[in-house]
Each structure stands twice: as C-alpha cells, then as structure tokens.
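J.:
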Amino acid sequence: KAGVTQTPRYLIKTRGQQVTLSCSPISGHRSVSWYQQTPGQGLQFLFEYFSETQRNKGNFPGRFSGRQFSNSRSEMNVSTLELGDSALYLCASSLGTGATNSPLHFGNGTRLTVT
Amino acid sequence: EDQVTQSPEALRLQEGESSSLNCSYTVSGLRGLFWYRQDPGKGPEFLFTLYSAGEEKEKERLKATLTKKESFLHITAPKPEDSATYLCAVSRGALTFGSGTRLQVQP
Chain A
148 KAGVTQTPRY LIKTRGQQVT LSCSPISGHR SVSWYQQTPG QGLQFLFEYF SETQRNKGNF
208 PGRFSGRQFS NSRSEMNVST LELGDSALYL CASSLGTGAT NSPLHFGNGT RLTVT
Chain B
1154 EDQVTQSPEA LRLQEGESSS LNCSYTVSGL RGLFWYRQDP GKGPEFLFTL YSAGEEKEKE
1214 RLKATLTKKE SFLHITAPKP EDSATYLCAV SRGALTFGSG TRLQVQP
C-alpha cells in the first residue's frame, strides 16, 4: 500500500512570492492534516481537512491556507512568503479525524526555503 | 494551553544498553498520547497510541507506558538501527508534539 506522497520534495522561493504544496493521502484515508516543522518550534499543527471541509485550524496567520479535493488529495498554499516560513512542511493522512484519535501517517515532507 | 516536554534532549547509548525516554504532559481532557519515530530527512513514523493511565504497549525492543502526567518509552537492548528522534504528542483533536529525544545507539 502506497504511503503519503508529498510534492515537491524541495522548493526554493523568494520573499513575497506564494507557494503551493501538494499531498496525496494513503488510499482510503479521508482526513489530511498539515504540520510545519522547524528546529526552533518543532512540529506545529496548521490545519486538518476531512471530506473537503476544514475541521480544525492551528494558530497560523491567514497567509497559510489549504483545501481538500473530492479524491482526498490536499494542497496547502502560503502567500506573501516570509523568511520565517522556511521549514519542513509535513502532510499526514488518517482514516478518521483527529477527534477519533486515528493515528496519523506522515509523508516525507516538502522542504521550503525562502530567500 | 497543552504542553509536552520530552527529556533528555539527546541520549547516546551503547548497543545493548537499555534506557528510557520521558514525555511529561499537561493537557486537560487527554484523548490519547502518541509516540512517533523520525529518521533524518523523513516524516514521523507512528509507533504507539496510549489512551489511559496504566496502559502499556510493546513493539519489538520498544515498550510505551502511560501515567496521569507522563509517558515513558523504554528501549530494551537497543541496536544501531534504533537511532532516531523519538517524538511524543498529545491529542485533543490536533496533535501537540514535544521537541523530541535524539537517540544515538553506537555499535
């Protein structure tokens, strides 16, 4: 069974640009969550989608947004990039939402560098 | 605010030298405590979920236990391939992660 796939693996952008990251969940998983990982802050929750609806959101500014499609694939967008947005962005899928305590299965992330 | 603190930050063991990693948490209404393993350049890999105090789960050389305030990940007779960062997280919907313990097992 294929795992969570994230594309691209690496991305370099300039401050002020926007970026879109993509995530394909494990087949049959309907919930997709996004996390940001940095050396200073560790893993921080961005948002969770289930059945194309945002079910939960972390404490990130509105520049961070996401969506989920009918096939459960998800995209995350960051607009007006700042240097501090440089991080590893991880997508995770699960059978149920966070409310059901379904274990998250993570992809290997997209490494975003903002210059 | 939910808080998760892991100790030690880093741990170096000789192959076969057993030890424990600690995860202390402060959360109201804990729904579950999760342990993950993360290798360099990869996403976290799920290990265990614990739901209530007194619960224990085992997988190969790893055993996770849970009390009302902390969880331990016991590593028995570790091998070099157990070297990784071990993360714990508490759940109230979304996961709140600790900063992890970097484990290095030397042959």
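Protein chains in written order, with our numbering: chain A, 148 to 262; chain B, 1154 to 1260.
C-beta atoms are modelled at their ideal positions from N, C-alpha and C, and glycine is treated no differently.
1) Closest to P186/A by C-alpha separation, out of T247/A, S233/A, Q164/A and G175/A, would be which residue?
2) List the residues of chain B that G205/A touches, going by C-beta distances under 8 angstroms, in chain order.
3) Mind listing which residues of the segment 233–252 of chain A have their C-beta closer than 7 angstroms to chain B's C-betas, in chain order?
4) Assuming H1227/B is part of the beta strand (DSSP E), what are its boundary residues?
5) Per the DSSP calculation, L190/A is bridged to which residue(s)?
6) Could you run through the segment 1197–1211 of chain B and flag, in chain order, every residue whose CB is less than 7 angstroms away from some CB of chain A?
7) I'd like the span of the beta strand (DSSP E) that includes Q1156/B, first residue to last.
8) Is there a C-beta anywhere in chain A that falls below 8 angstroms from the one on R1255/B?
9) If we cut at 8 angstroms on Cβ distances, does L190/A have a partner in chain B?
10) With DSSP as the reference, identify every bridge partner of Q1167/B, one or two as the case may be.
11) Would you mind listing the beta strand (DSSP E) stretches within the segment 199–252 of chain A that are 3+ residues and don't spill past its ends, in chain order?
12) In whole angstroms, what separates the C-alpha of R1214/B from that of R162/A?
13) What is the residue span of the beta strand (DSSP E) that Q164/A lies within?
14) Please work out which residues of its chain come closer than 6 angstroms, Cβ to Cβ, to Y1178/B, disregarding the five sequence neighbours upstream and downstream, and give them in chain order.
15) Mind checking which residues open and close the beta strand (DSSP E) that includes N1175/B?
16) Just mark Q1191/B as buried or exposed, buried being the case when its beta carbon has 16 or more other beta carbons within 10 Å.
17) With a threshold of 8 angstroms between beta carbons, is R1190/B in contact with chain A?
18) Any contact of the segment 153–162 of chain A with the segment 209–220 of chain A, i.e. 3+ C-beta pairs under 8 angstroms?
19) Check the Cβ of G1185/B against every Cβ in chain A and list those closer than 8 angstroms, keeping chain order.
20) Helix, strand or coil, according to DSSP, for E1208/B in the structure here?
21) Would the segment 1172–1187 of chain B count as touching the segment 176–192 of chain A if we require 3 or more Cβ pairs under 8 angstroms?
22) Quick check on the DSSP output: the beta strand (DSSP E) that includes L1240/B runs from which residue to which?
23) Please check if any C-beta of chain B sits within less than 8 angstroms of the C-beta of N255/A.
T.: From the atom records:
1) S233/A
2) A1247
3) L237, G245, A246, N248, P250, L251 and H252
4) E1223 to I1228
5) Q184/A
6) P1197, F1199 and T1202
7) Q1156 to S1160
8) no
9) yes
10) Q1259/B
11) 200–204, 211–215, 221–225 and 234–241
12) 46 angstroms
13) Taken as a continuous stretch (DSSP letters only), Q164/A belongs to no beta strand (DSSP E), as it is neither H nor E.
14) V1157 and V1243
15) S1172 to T1179
16) buried
17) no
18) no
19) N248
20) coil
21) no
22) A1237 to R1245
23) yes
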